[in-house]
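I have placed the structure first, in the form of structure tokens, so that the comments after it can refer back to it.
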Amino acid sequence: GLDLRNIQGDILSGMPKKTETFYFFQITDAPTFRQHLRAFVPLVKTVAQALKDRDDIDKHKKKDEGHGNKPHVIPIVGVNVSFSHFGFVKLGIDDSKLIDPAFLIGQRQDAQGLGDKGTGDGESFVPDWDDAFKQDIHGVFIVSGDSHPTVDKKIQDIEKLFKIGTNAASYKKIVSIRGDVRPGDQSAHEHFGYLDGVSNPAIIGFDKNPPPGPKPVQAGVILLGQEGDQNKDGREPWMIDGSFLAFRHLLQNVPEFDEFVNKNRLQLPGLTEKEGADLFGARLVGRWKSGAPVDLTPFLDDPDLATDPLRNNNFHFSAERDFQKLCPFAAHVRKTNPRADLEELGFSIDRNRILRRGIQFGPEVTRAERQQKKTLHRRGLLFACYQSSIASGFQFIQKSWANNPDFPFGEQTPETPGVDPIIGQLRGQTDRGLMSGTNPNTPATTVSLNDIWVIPRGGEYFFSPSVKALRETIAA
Ligand code: N7H
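Count along the sequence shown starting at 1, add 649, and that's the number in my numbering.
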């Protein structure tokens, strides 16, 4: 079985969180850093501990409800740490057996391939990113919890261990970015308004009763050295139970997206303007804002289906593998997990599955923004996902699926799908070509994706080692 006390908590269970800070750093003094890290390791939350946190939260909730009280928040905080290739180089740790080409070149060098906007070409390409991410980032602390004070207090503890603010400091802080779950009834929804965190791969040997849906994957799809890791036999012992973390700082232009959806609302008999807009938006994503998949409920939202874990992920695009009346080929959830589109043709997509652990950042849309239909405040998604290969996971999904107007099927589809309207990008262009299938009755009708609403501002690829590796290999 998996050693849940050896795997960092964000990877498999996800740490319970209302707020989460990504704190990026650059190591300035490697020997001292490795000493400081030794004292830091006990702070790292494992999967076993994260599961216990979840239990505690549930128990308190039940108890409060049993007493007729409103559930009160119990303080929870969790810390994880990951390193980039440049971090391992700085620490003098040979990471060549991590093999992953995306990890080894780093995300800045990969940005042109991902389709990010920028200047120059090849080696001299400079992405149009925030300055923080143009520097060499060596590692990231992830600190999540129930509230800002608990998280901030933990960050102070970490800074103390690494002697930040004194002459003996062993790293330099580059930037920290705070994410927050959205307020009220939007709490599990991302900023465009769609329910997020519905579909993640079930892991064999970890998820005991996976709900019906995409078939569970071997642990090695996410964890190095486990069954299903493509490079299982080539790993060094310290790499086992670690996972690659792809982080992306993504802005979302919400008022502009809303305006696009409203302008292109479907004008079908019996639909109000609002219903026509909601249907169009649902067809861009592949799910209604409620979370209900359009493959199962193509014309009307179904809030009960949306929140029923036994049904809300149990679809495969198989009823219409070659057609897009139910769900457009380019819809975000079909592009990023094509299910039967490939599996029924005999292609396994197991190695392309990722565990997503993102969080929203930035304020709610203000009245002024809504009136001007223009983004005035930065908001979006701190996208984070885990996988045993970035080249087959995040990078592949972004490059070969989301950005590829011919996917799925290429020539065989009756209509060219177009890029993923949510995350697809073509060399930084705002005009991203045509998407078909948004109108269920006339799938050949296209809409022009003449703007882009998700804009990358930075990111990096990291490796999130096991606790044993932190203690015995990375710390001194
Ligand atoms: Fe996506 N969105 O609101 O439209 N995503 N995503 N994503 N995404 C998903 O199933 C969104 C991004 C995947 O198994 C849902 O949890 C937004 C990147 C994958 O069915 C919604 C952004 C990548 C899935 C969104 C964004 C992915 C998925 C449905 C950026 C990888 C699961 C809810 C700001 C390259 C697919 C759910 C499956 C689902 C949205 C980014 C991948 C609503 C706004 C960068 C694999």
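Glycine included, C-beta positions come from ideal geometry on N, C-alpha and C.
- Under the three-state reduction of DSSP, glutamate 1109 is assigned to strand.
- Here the segment 922–930 does not lie against the segment 963–982, with fewer than 3 beta-carbon pairs under 8 Å apart.
- Under the 10 Å beta carbon count, proline 1070 is surrounded by 16 or more other beta carbons and is classified as buried.
- A distance criterion of 8 Å places the beta-carbon of phenylalanine 841 in contact range of the ligand N7H, judged by its closest non-hydrogen atom.
- Distance from the C-beta of threonine 946 to the nearest heavy atom of the ligand N7H is not below 8 Å.
- Here DSSP, grouped into helix, strand and coil, assigns leucine 1098 to coil.
- In terms of CA proximity to valine 943, Arg932 leads the group Arg1106, Arg932, Ala817.
- Assigned with DSSP and collapsed to three states, aspartate 743 falls in coil, not helix or strand.
- Excluding the 5 residues flanking it on each side, glycine 658 has same chain C-beta neighbours closer than 7 Å at Met664, Lys694, Thr695, Val696, Gln698, Ala699, Gly727, Asn729, in chain order.
- Of the residues Pro1012, Asn963, Gln835, the one whose Cα lies closest to the Cα of proline 859 is Asn963.
- Under the criterion of beta carbons closer than 8 Å, tyrosine 1110 and serine 892 do not qualify as touching, at roughly 12 Å.
- Classified as exposed, aspartate 953 has fewer than 16 neighbouring CB atoms from the shown chains inside 10 Å of its CB.
- For the pair aspartate 702 and isoleucine 660, the Cα-to-Cα distance works out to about 15 Å.
- Of the other Cβ atoms in all chains shown, 16 or more fall within 10 Å of the Cβ of isoleucine 676; this residue is therefore buried.
- In this structure, aspartate 990 lies near phenylalanine 1058, with their beta-carbon atoms less than 9 Å apart.
- Where asparagine 911 is concerned, the enclosing alpha helix (DSSP H) starts and stops at 903–912.
- Taking C-beta atoms as the reference points, serine 1049 and glycine 1067 fail to come closer than 9 Å.
- For asparagine 849, the shortest C-beta to heavy atom distance toward the ligand N7H is below 8 Å.
- Annotation for glutamine 901: His840, Phe841, Arg1028, Gly1029, Leu1030, Trp1102, Val1103 place their beta carbon closer than 7 Å to its own, counting only its chain and skipping 5 residues before and after.
- When DSSP reads this structure, phenylalanine 896 sits in a beta bridge with Ala1033, Glu1109.
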